[in-house]
Structures are given as C-alpha cells and as structure tokens.
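Encoded as structure tokens, the structure appears first; notes follow it.
Below you can see the structure in the form of structure tokens.
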C-alpha cells in the first residue's frame, strides 16, 4: 500500500478528539466510581494518580510514537520492527475483535433504555401487573422494579448459561441499529470518523455537566460526595488497591488493543504526539474523577431516599405497635424513640424480630455496585425519583450511547487499519466494503448475546477476553521497544519526528518502571486466577429475585481457556511460522535470531522511508 496515499486526520484536533472519544468510555462512568467506593473513596486517588504517571503515560506515549513512526496498523507496525513480532499486532487485532463482538451489546441496551424513556411512566418505575391483573408480577415483587426491568425485560435472562432460549427481538433490533451507526461512523475511515468525533467526544461532557448541576441540587447528594472524598487511608496497605488502580489506568486508556497505533498512523510524520499523549491521558483521568463526582451525587441521593424510606417504615411500625401521638416521632428522632421504647417494652420489641429493619445511611452508601448494575440499575432507580424523570433518562442514556459508540470507533479501526495495510486487501476491497464486512461479521456473532443466556456469555467475554491477553501484549510491547528494538533507536525515531529526543523521564519509565509494573500485574493476575478456583458467574434466580454465584460448566471453562490462550499464542506461533518460512528459503545464510531481527528490521525501515 502506498504510504504517500495514506489518509491523514483533518487536523491535530481531530486526532486528539478521536483519542479522547476512544479512551473516555463506559469504564469512566461505571468502573472508576465502583473502585473508588470499594477502595477507600478519596484515598484511591493516590495510587490511581501514581499509576497514571508510572504506567499509563509512558505506554500511551510509546504506542502513539510507534503508530506515527511506522504509519501502519498494529500487525505491520510490529513486523516492521521485526518480522518475528507480527504476532504482537495480530494478538491486538484478535483482542479488539473479541471486544467488538460483545461491546456493542451495551450500546444496544442503551438504545433499549433510551426508547423506553419516552413513555408517560418509566417502565422501570413500577412493577408490571401479573397475568390475572390482580397485583404486581410476583418475581418483580421479590426484587425491585429497576432490577426486574433490567434482568427480565431488557435481557429476558435465563436462570443459567445452559438455558439458551431464543433471541430477544427487541435487543436484536437495537443491536442492529448500534452496528448500523458504527458502520456509518467508520464508513470512510478517518475521513468520516474525524468528523464524528467532534460530537461523540464533546457531547458526554455537556451531559455530565448538566447532571453535575442537577445532582448537586438533589436531596442527600452531599452525603455521596462526602463519602467519595473522605479518604480511608488504611486501604493503601492493601495490594489489591494498587493493582486495581494500575489495571483501571491500563484499560481506561485502551492500551494494547492497537487502536492508538492505528489512530496515530494517520498523523503527520512530525505531529507533536508527546504533548497529545499527556493531554489525552490527563483528560481521561480527569473525566473519571469528574464522572465520579456526578455518580456519587446521584448515589448519595439514592442512598438518602432509601434510608429515609426505611426510617418512614420504621416510624409507621412504631406507631402501629405502640400507642403514641404521630407527631411525637419524626425521621430525626426515631433512634431516640427506639432506645426508649426498647428499654421500656423489651417483650414487644422481641416480637418484632424478622420485621424490624436496621436503617443505616452508611450501609446504603457502602453497597458497591459494579458494571451494568451501576449504569443501568442504580442510575435508573435514581432517575425515577427526580422531577421530569423522562428528560433525565433521555439525557443519561443518550450520553451512554455516545460514550459507547465513541469507543467502538477505536475498536473497529484497530481491526480495519491492519487489514488495509495488506496490499491484497487494499487493492481488491474498498474501505467501505471492508468496514461493512467487519461490522456484519461482528453483528452476526454478536446475536448470541441477545439470547436468554446472552448476558452470561457477555460477562465471560468481559471478564476473560481482554484482561489477561492485553497485559501480556503490552508487557511484550514495552520489552520489544526497550530491549529488542532498543531504546536508543527509539530515541532516534522520536528525534526524527519531533526534532528532539525523549527526556530522561520517558526513558526511565519505558526501560525500568513500566516493565516492572506490568510484570507484577501479569504475575498477580496468573496467581489470582489459579487461586480463584473454578470460574463463576452471577446467575439470576427468579424465585429469589436476586443473583446467585454459579460455577461455569465444563464447556464454559473450555471457552474461557480458549479466550485466554488464543490471543497470547499469536505471538509465539507467528514467530515460529516466520522462522520456519525464513529457513525454507534456499541459499539463505545462517544468521542468529538477533541478527535476523536487526537485518530484517532495517530492511522494513528502509522500505518505509522510501
């Protein structure tokens, strides 16, 4: 493929916005607040910022430098360093493919909630009637309307991964719509994506700002914000706090997928990627903190409403059990009356066992909710208690949709760009046709996530398709750049592009600190996986109206093993294939592996310069 004909971003701003739209995603809205809640509130910010500097910045900088220098997608970019390393790019493409298969189902859920937000009464605000129309649906009565709507009406979830069930027609249509929009966004590569990112990267900030203003005016919002910023420093002694901070930085920036290399490959050769790497990384982390303030304001409102509802039920229980005037007991003095009455009437209090509720605002705030539970259950429960709930629901789920579609731009680009780098593909398949084929393939496979057991497969892919393989890929990447390609050659490449060599800050991090952090994370993941025993998932029990921990069946564990091994095996298998292919050539002089890396790397670099 002619490198001079390679399209470029319309401006450096388009590139920055594309990186922001890709990096700032659903994880900023639902995973980071959950980690703050679980690891000591404001105290979690300390390891988070440290890991941003030690891990996130240098790796982000490195991937942008590689993409801009090579002006190639991930597969050929790593092959240009050495033909033996094309498997690193292949692993990135395969991981991005796995992500594309299941990620767009989240956008389908967002569409589903968005469309249902235009009803006079939000469908998750109350339980539907039973078949006899004599009362609420029994399963809904055992749980909450918001949980029932998500699990039973949105997912139509089965009780185990073994019960496949049929396709959910509503979700199929929403998934189809999500893929049609994705296709339109990336129809002509950076020419169309560069225009789309102006909206997908900026609109979520507008909604978050509106939600911040609204959230700060909600009753009890200050309780949630105080809970977030009140540091619990004892969590800093827990290794999991540091590991989760490092992992959040790693996945939030989208390292290892090949998307950043693909985006940077469309830059001008002398573009100042160093400044852009710092800007995008801090925008991404700042967005996580900003979104957490909004989330905890909403969460404080929800917790306060639940706490006061509990107090009101307790107040009514006291009034019905003991003879006293209603005005004596208010929400503010219930605890005083409980203490007085329990001392005076101990037998009557004993009779209330099983009926009595322990109302605690602290317990409400401590309830950690991760992932879809936060994005689709907690938020929707809070929204229904706001004035004009339909308005806030439309804004929120449209924002989720823009975050999800913005991330999909990067995920699909990470697949299409490496494929377009192959001359046979570029010559015979147009960019529009290739984009359509990739989207169609992902749509057809993704239909499996719209079945009754689809959410369990979604959870499996979300937990195992990317985490282990990405840690491996990025660890290999930084070792290649620092020790195989060589930090000195990397310095010269940066100087060639920017007119100056990278500072000691970047070199120390890339050569020593980042490899050590990534190796530690990689080892920790392996040890945790081994010690964790049989993999489990949360199965919905319709009789309890709650999720229960269930072990994956044998075939599920096999699929997990394949997900973990498939991407990692790309690196050694590709190197072995290249080695065997080189050895079969007649008249080839025997060279050491390091000599072949150097010689072939120089040849590829010379071709690129031409």
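In the working numbering, the protein residues as written are 133 to 742.
All C-beta atoms in this analysis are idealised placements derived from N, C-alpha and C, irrespective of residue type, glycine included.
Buried versus exposed call for residue i [16 or more other C-beta atoms within 10 Å across all chains shown]
i, result
"residue 663", "exposed"
"residue 598", "buried"
"residue 147", "buried"
"residue 301", "exposed"
"residue 318", "buried"
"residue 151", "buried"
"residue 408", "buried"
"residue 163", "buried"
"residue 193", "buried"
"residue 343", "buried"
"residue 250", "exposed"
"residue 721", "No answer about residue 721 holds up, because its pLDDT of 49 lies below 50 and its placement is not dependable."
"residue 288", "buried"
"residue 188", "buried"
"residue 418", "exposed"
"residue 444", "exposed"
"residue 632", "exposed"
"residue 214", "buried"
"residue 475", "exposed"
"residue 692", "buried"
"residue 646", "buried"
"residue 282", "buried"
"residue 424", "buried"
Bounding residues of the beta strand (DSSP E) (the contiguous stretch that carries residue i)
i, result
"residue 668", "668-673"
Helix, strand or coil at residue i according to DSSP, with G and I counted as helix
i, result
"residue 333", "coil"
"residue 214", "coil"
"residue 678", "strand"
"residue 150", "helix"
"residue 472", "helix"
"residue 138", "coil"
"residue 720", "Low per-residue confidence applies at residue 720: pLDDT is 49, beneath 50, and the placement is therefore not dependable, though the value from the model is reported in the following sentence. It is coil, neither helix nor strand."
"residue 326", "helix"
"residue 730", "Here residue 730 scores only 49 on pLDDT, less than 50, and its place in the model should not be relied on; the value that follows carries that caveat. It is helical."
Residue range of the alpha helix (DSSP H) that includes residue i
i, result
"residue 181", "177-183"
"residue 701", "686-715"
"residue 589", "586-596"
"residue 160", "158-170"
"residue 578", "563-578"
"residue 190", "189-202"
"residue 497", "493-498"
Below-8 Å beta-carbon distance, residue i vs any chain D residue
i, result
"residue 140", "Among the chains of the structure shown, chain D does not appear; only one protein chain is present."
_beta strand (DSSP E) runs wholly inside the region 336-416, at least 3 long, in chain order_ = none
_Below 8 Å, how does it come out for the region 568-578 and the region 195-203: are there three or more Cβ pairs, yes or no?_
Verdict: no, contact absent.
*With a cut-off of 8 Å, do at least 3 Cβ pairs link the region 542-557 to the region 392-401?*
yes
_Entirely enclosed alpha helix (DSSP H) segments - the region 259-305, minimum 4 residues_ = 270-274 and 277-280
*asked:* Threshold first: 4 residues or longer. Then list the alpha helix (DSSP H) segments lying entirely within the region 609-645, N to C.
replied: 619-630 and 636-640
*Just checking, does the region 303-312 make contact with the region 228-241 on the three C-beta pairs under 8 Å criterion?*
Because the criterion of three Cβ pairs below 8 Å is met, the region 303-312 and the region 228-241 touch.
*asked:* Any contact between the region 170-177 and the region 368-382? By contact I mean 3 or more CB pairs, one from each, below 8 Å.
replied: yes
*asked:* So, does the region 525-543 touch the region 243-251, judging by three or more C-beta pairs under 8 Å?
replied: yes
*Secondary structure, beta strand (DSSP E): runs of 3+ residues fully inside the region 507-560*: none
_With three or more C-beta pairs closer than 8 Å as the rule, is the region 262-277 touching the region 657-672?_
no
*Any chance the region 619-635 sits against the region 583-593, with 3 or more Cβ pairs inside 8 Å?*
They do not touch, by the three-pair rule.
*Can we say the region 703-711 touches the region 213-224, given the rule of at least three CB pairs closer than 8 Å?*
yes
_I want to know whether the region 344-354 touches the region 431-438 - three or more CB-CB distances under 8 Å._
yes
*Does the region 599-609 come close enough to the region 381-388 to have 3 or more Cβ pairs within less than 8 Å?*
yes
*Do three or more CB pairs link the region 282-298 to the region 672-689 at distances below 8 Å?*
yes
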